[in-house]
Amino acid sequence: MAGETSVSLDAVDHEILAILQTEGRLGVTEIGRRINLSQPAVSARIKRLEQSGIITGYRAVVDPARLGLTIHAVIRLRTTHARISACLDHFARLPEVTHVKRLTGEDCFLIEVHAPSAARLEVVVDGIARFGPVTTALVLHDYETKAILPPS
55 MAGETSVSLD AVDHEILAIL QTEGRLGVTE IGRRINLSQP AVSARIKRLE QSGIITGYRA
115 VVDPARLGLT IHAVIRLRTT HARISACLDH FARLPEVTHV KRLTGEDCFL IEVHAPSAAR
175 LEVVVDGIAR FGPVTTALVL HDYETKAILP PS
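Residue numbers (the numbering used here): 55 to 206.
As structure tokens, this is what we get:
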């Protein structure tokens with residue numbers, strides 16, 4: 055089945071994944087200390103998780119407000135199948151669009167936007183609305199994301 059992994063994960067792999075998702079800069083020695091495993095054993099497990107595609111990358115988490123992007127909104131767009139490619143091209147050209155999800159149901163896309171002002175958000179929304187009806191909601195608060203772990 056698509057998306058499934060043939061790699062067998064144990065409780066130690068789950069612990070490593072949980073740690074790396076919340077503290078990605080933590081060194082393998084410290085990870086090993088926390089889970090009672092040697093540095094070479096932790097390194098080998100991380101390498102196996104990377105090679106299997108379970109770990110797909112590492113990145114910095116940035117606070118948009120500290121960059122002057124104080125307006126955070128989510129936009130739902132309903133469009134036609136024929137316009138999906140054009141929509142994706144348009145989203146890719148907008149620096150304010152930070153995340154896009156394709157959906158089932160009435161709406162086709164859920165678009166996350168970070169803008170410096172309400173005026174700029176209006177321009178972004180108006181540009182997206184060329185592709186179909188939009189619903190825009192301001193985000194009041196972001197809550198901590200949970201680590202993704204395989205089902206137990």
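Using N, Cα and C, we set each Cβ at its ideal position, and we do this for glycine too.
Predicted model only: the values in this text are computed from it and were never measured.
query: Cβ-Cβ distance between residue 182 and residue 71 below 9 Å; result: no
query: Short Cβ contact (9 Å threshold) for residue 131 with residue 161; result: yes
query: Nearest-angstrom Cα separation, counted from residue 108 out to residue 55; result: Low local confidence applies: a pLDDT of 40 at residue 55 is under 50, so the model's placement there is unreliable, with the coordinate-based value given in what follows. The straight-line gap from Cα to Cα measures roughly 15 Å.
query: Contact under 9 Å by Cβ, residue 165 with residue 153; result: yes
query: Same chain only: Cβ atoms within 6 Å of residue 85, ignoring 5 sequence neighbours per side; result: 73, 96
query: Check whether residue 188 and residue 148 have beta carbons under 9 Å apart; result: no
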